[in-house]
Amino acid sequence: MKRLFVYPVLVYTVLVYLMLATFCSATLAEQTNYSGEELREIKSLSKDRIEGLLEGKGMGYAKVAELNGYPGPKHVLELAEELDLSEEQLAKTKSNFSKMNKQARELGQQLIHAERELETLFNVGSVTEAQVISRLENIVQLEAQLRACHVNAHLTQKNLLSAHQVQLYNRLRGYSNPSQHGKHKHHHE
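Taking the numbering used here, I'd label the letters of the sequence shown as residues 145 to 333.
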């Protein structure tokens, strides 16, 4: 009889310890989520993010377009041979990418500057709600312009490709079922 009682108690004890260990590790993870980030020059921007902004990288800004059947100029250039781009398509795609990249770099620099200004207010310890709101409104506006820059390059790019090239692009990029919204008329160049 004693044996039957010991087994459930042992199982219960092990389960309690496992639950406590899980809770403690989750709590520790929450406490250290930002650990090390306090050493950044601009706390809200990682080194990779700063580099991406300075280089005009997409960083997911145009994901809504990309995943709905609107190819990006950078990836079209990377797949130019597979997509069998004409010389005219290639030239227009290069121009589209160059224009987007130039604008994205400029906006990226402005965004870094705006984040640095906000950081400085907190560093000197004399920040007010009005200053925070003003700086954040500027940051949000720059983020919106940066996203629009990338999304609009995808809109332009789709018009440079045939329907077949867009379908091939999606397949080559690994998109098995792009949204029906991305399957509108295409212009042949």
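Even for Gly, the Cβ is constructed at its ideal location relative to N, Cα and C.
A quick note: this is a predicted structure, and the numbers were derived from the prediction, not measured.
With 16 other Cβ atoms within 10 Å as the buried cut-off, status of residue i
i, result
"His308", "exposed"
"Glu259", "buried"
"Ala248", "buried"
"Gly252", "buried"
"Ala274", "exposed"
"Lys191", "exposed"
"Leu183", "exposed"
"His331", "Any reading at His331 must be qualified, since the residue scores a pLDDT of 47, below 50, and its modelled position is unreliable; no value is offered."
"Asn177", "exposed"
"Asn314", "buried"
"Val220", "buried"
Which listed residue (the options) has its alpha carbon closest to that of residue i
i, options, result
"Phe350", "His257, Pro215, Glu263, Leu255", "Missing from the structure shown is residue 350; the chain here goes from 145 to 333 and no further."
"Glu185", "His257, Gln275, Thr272", "His257"
"Arg279", "Gly269, Asn267, Leu262, Val271", "Leu262"
"Leu304", "Thr237, Glu195, Tyr178", "Thr237"
Cβ neighbours of residue i in the same chain (closer than 8 angstroms, five flanking residues each side left out)
i, result
"Leu255", "Leu197, Ile283, Leu286, Glu287, Leu290"
"Leu299", "Ala209, Tyr214"
"Val269", "Note on residue identity: the sequence assigns Gly, not Val, to residue 269. Taken in chain order, the list of residues that qualify is empty."
"Leu265", "Val271, Gln275, Val276, Arg279"
"Ala297", "Ala206, Gly216, Pro217, Asn240, Phe241, Lys243, Met244"
Where residue i falls: helix, strand or coil (DSSP)
i, result
"Thr264", "helix"
"Lys246", "helix"
"Lys201", "coil"
"Gly196", "helix"
"Gly252", "helix"
"Ile186", "coil"
"Ala206", "coil"
"Asn240", "helix"
"Thr272", "coil"
"Tyr313", "helix"
"His332", "Note on His332: pLDDT 45, under 50, position unreliable in the model; no value is reported."
Other residues of its chain near residue i: CB distance less than 6 angstroms, five sequence neighbours each side excluded
i, result
"Leu223", "Leu316"
"Gly202", "His294"
"Ser188", "Glu259"
Beta-carbon proximity list for residue i, same chain, < 7 angstroms, skipping 5 on both sides
i, result
"Gly318", "none"
"Leu234", "Ala224"
"Asn245", "Gly200"
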